[in-house]
Amino acid sequence: MRLFWHGPGPARRTRTVVLAVAGMTLTWWCFVSVRLSSSGNSGRSGRILPAAADDTAVCRQYGWAPYRSPPGSRPRPRKVYDLLLVNDELDWLEVRLNTTFAEVDHYVLVEAPLTFTGLPKPLVLRDHWARFAPYHAKLLYHTLVYPAGFAPRRAWDREDLQRNALLLQALQDPALPADARPQDGDVLVVADVDEIPRPAALRALRRCRFPRRLTLQSHFYYYGFQFRHRGPDWPHPQATTYAGGSGGGGGGSGDNNPGGTLLPVALRNGDLEVLWPGNSNPVVRVAAVVAALLRRWWDQGAMPSAAWHCSSCYATLAELLHKLESVSHVWMNHPLFRDRDRAADHVRRGCDLWDRAGEVYDRVENNTDVPPVLLAEPARYQYLLNRDGESAGFRDYP
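Counting in the UniProt record's numbering, the sequence shown runs from 1 upward without gaps.
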């Protein structure tokens, strides 16, 4: 269809579009101002209240109200689902399960038989399933199924497919027990395995009516909990609520089914949900984008100090060097950066592996703000607590 109106000339059409965009932009900023001044969705930094505190007190510290079951539904306990991609980070999975098990009803784990570059790989979690026997009652395991004709065009398409499969495949598997199926209002946490929510944050999510696009801001560490990244907190994981259907929102492969629940990729990436109109009028289409921007702004919020994230926190130097070999930027792949002694020295001193300006990690002595299992079993998780000494905490160095 050609893009034109009958009647007004080009100049008038241009003025119409410009005025429409200006008007919608003004509306947007007015809306934002009201939102900032009246809403608690951005999250307040209130103190962490004890588990026994009443719902109103717990929720008020974040500017939220207590959760109530959807109108017309039978009141029931609200569930929390933890949606995770799994590769080979078994230590991290065990730390996460130990830390959050009392606050999560179901862990949804999707493992892929191919790497993100398309190479075959073992199903590590499946092969070590017995290791997690104490947690089996809450684990929902799914092996990724690739759609017929799946032809990834971007490096991220495989990861997006796997992340969206947490909702579109694992939680819609016909074999899923009825009592494990999410219902409207249930909490969905979308995370990488090394982005660990604090138990108090999960309790608040269960008990409060929080924004539809919520970021759980994470204290951000490198190499272990001895070195905290200087700068903003890590902007993951995310949380939303289940709203039926098979997922809505853009951002990734295999996400074209209708539904009211935000897809994991759209939630994590902050993708817009644009409801494209059935005509090509540019003003109408611009209005659709502005409406999507408004909705995303209205829906978003942040929960401060709600999680821990640890980057490049490996037990062995071999794992770290493998990561260095797999980075996509050519300059980062220089042999200098893969030298064993140099890498161990940088980890030991808490320095950026590539000596990038602005990447500074502050040393935290005797850090106790860590997942509790690390303090309970310090010998087992020594590499996450102390990188000092000749070994730099690695099990395979020198």
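Using N, Cα and C, we set each Cβ at its ideal position, and we do this for glycine too.
Residue i, buried or exposed, once every other Cβ within 10 Å from all chains shown has been counted against 16
i      : result
Leu336 : exposed
Gly224 : buried
Gly393 : buried
Asn281 : exposed
Gly389 : exposed
Tyr242 : buried
Ser73  : exposed
Trp129 : exposed
Arg96  : buried
His219 : buried
Arg163 : buried
Trp92  : buried
Pro75  : exposed
Asp160 : buried
Ala343 : buried
His334 : exposed
Tyr381 : buried
Val330 : exposed
Ala137 : exposed
Presumed contact (8 Å Cβ cut-off) between residue i and residue j, rounded CB distance
i      : j      : result
Gly260 : Ser69  : Contact doesn't hold; Cβ gap of about 16 Å is too wide.
Val110 : Ala170 : 6 Å
Leu166 : Leu83  : 4 Å
Arg158 : Phe101 : The pair is not a contact, with the Cβ atoms about 30 Å apart (cut-off 8 Å).
Nearest residue (CA-CA) to residue i, options the options
i           : options                        : result
Tyr397      : Pro371, Pro378, Asp82, Thr316  : Thr316
Glu365      : Asp160, Pro77, Gln226          : Gln226
Tyr221      : Pro378, Pro371, Asp55          : Pro371
Glu377      : Tyr81, Phe210, Thr99           : Thr99
Leu114      : Thr143, Ala148, Trp92          : Thr143
Gln300      : Asp55, Ala53, Trp64, Thr56     : Trp64
Pro235      : Ala302, His334, Trp331         : Ala302
His229      : Trp298, Leu321, His309, Leu205 : His309
Glu94       : Val373, Gly270, Gly149         : Val373
residue 402 : Gly231, Asp339, Asp105         : The shown model of the chain, from 1 to 398, leaves out residue 402, and the question about it has no answer.
Glu325      : Asp233, Leu353, His106         : Leu353
Leu168      : Pro304, Phe132, Tyr146         : Tyr146
Gln61       : Glu319, Leu205, Ser391         : Leu205
Phe150      : Gly118, Leu123, Ala287, Ala133 : Gly118
Cβ pair residue i, residue j closer than 8 Å
i      : j      : result
Asp173 : Cys313 : no
Lys121 : Val187 : no
Arg207 : Glu103 : no
Leu262 : Arg295 : no
Ala239 : Leu214 : yes
Arg348 : Arg395 : no
Ala292 : Leu272 : yes
His182 : Ala307 : According to the sequence provided, residue 182 is Pro. The question's His does not apply to it. The answer is no: Cβ separation not under 8 Å.
Arg209 : Pro66  : yes
Val86  : Leu125 : yes
Val108 : Tyr81  : yes
request  = Go through the region 161-210 residue by residue and report every complete run of the alpha helix (DSSP H) that reaches 4 residues or more, in order.
outcome  = Fully enclosed alpha helix (DSSP H) runs of 4 or longer: 199-207.
task = Ignoring anything shorter than 4 residues or poking outside the region 51-102, list the alpha helix (DSSP H) runs there in chain order.
result = 55-60, 90-100, all fully within the region 51-102.
message = Extract the residue ranges of the alpha helix (DSSP H) inside the region 266-306, only unbroken runs of 4 or more that lie entirely within it.
response = Entirely contained in the region 266-306, the alpha helix (DSSP H) runs reaching 4 residues are, in chain order, 282-299.
task = Please specify which runs of the alpha helix (DSSP H), each continuous and at least 4 residues long, are wholly inside the region 303-354, giving them in chain order.
result = Correct list: 317-326, 340-349.
task = Return the chain-ordered ranges of every beta strand (DSSP E) run that is complete within the region 127-156 and spans a minimum of 3 residues.
result = Here the runs fully enclosed are 139-143.
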